[in-house]
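Some notes on the structure that comes next.
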Amino acid sequence: MLEWLKEPEINFPDQLQHSGFEHGVCVGQIQAKAGLTQSTVSEYLSILQRAGFIEAKRVGQWTYYKRNEGAFEALSKLIQSNL
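Mind the numbering: the sequence shown is residues 18 to 100 in the working numbering, read in order.
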């Protein structure tokens, strides 16, 4: 999922055609691509959000997700400085 969210335009072309990615990727798009139940996808996204790797935004009845690139930059610096 993190890889998909890195390049949403490539991985979620249906959303690109309809609404774009201003808020991120709609959870329904992620669920459809993953082929998993809504509860499983929500649990995975919740774990990634608590870890700080993704951000969520509620718009109406939909929740959108995008990567927190700052978290990945910080993790990369931490790994480089400690290994």
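Just so it is clear, CB atoms sit at the ideal spot from N, CA and C, and this is done for glycine as well.
Whole beta strand (DSSP E) elements within the segment 48-87, 3-residue minimum: 71-76 and 79-84
C-beta atoms of residue 38 and residue 20 nearer than 8 Å: no
Cβ pair residue 82, residue 22 closer than 8 Å: yes
Neighbour-count burial assignment, residue 42, 16 or more Cβ in a 10 Å radius: Buried, because 16 or more other Cβ atoms sit within 10 Å of the Cβ of residue 42.
Same chain only: Cβ atoms within 6 Å of residue 29, ignoring 5 sequence neighbours per side: 42 and 46
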